[in-house]
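Some notes on the structure that comes next.
Numbering (mature numbering (1 follows the signal peptide of the UniProt record, and there is no 0)), first residue to last: -25 to -1, 1 to 150.
Structure (structure tokens):
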């Protein structure tokens, strides 16, 4: 009897794990299909494929849905809705979500302009080694007059291959 319960429990656990992995794989496939549709310019199909995955918590799908709202692709352009999806993505550490949400705060699109929040979000992505975030953060520090911090960030970004950061760094080295 005890052996039967153990075997049954093991079988159920195995089935649950398999079901979980199948669900994750299906969601990943939906995101891939959505991304492919987006790249092809089929925004209706992209929205259909990405929306369920975004609602289920996929950070990449959340970011892409935010981008579609921002650009007005399939959906009516809506910065507030874009912020909502970028935030969900950013809260899971997605660098694109962090960068685009930071940009919304920097420009005051869909949210009140807040440079401190933009710097915080860019910093989070920059600390993860994202060259784009390092470049944008460097630009923000440059604009507020912290040339030392700006140069440091441009240098990091340039070392990772950001041409824009290399150009910005050249202007610092001429001085």
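The beta carbon of each residue, even a glycine, is placed where N, CA and C say it ideally should be.
- Rounded to the nearest whole angstrom, the C-alpha separation of residue 44 and residue 87 is 18 Å.
- Counting along the chain, the unbroken alpha helix (DSSP H) around residue 142 starts and ends at 138 to 149.
- Non-local beta-carbon contacts of residue 111 in its own chain, meaning distances under 6 Å to residues more than five positions away in sequence, involve 97 in chain order.
- Counting along the chain, residue 37 sits inside the alpha helix (DSSP H) bounded by residues 34 to 46.
- At the C-beta level, residue 21 and residue 29 stay beyond 7 Å of one another.
- The criterion of a C-beta distance shorter than 7 Å is satisfied by residue 73 and residue 99.
- Between the beta-carbon of residue 49 and that of residue 18 there is about 4 Å, and that keeps the pair under the 8 Å contact cut.
- Counting the other Cβ atoms within 10 Å of the Cβ of residue 104 gives fewer than 16, which makes it exposed.
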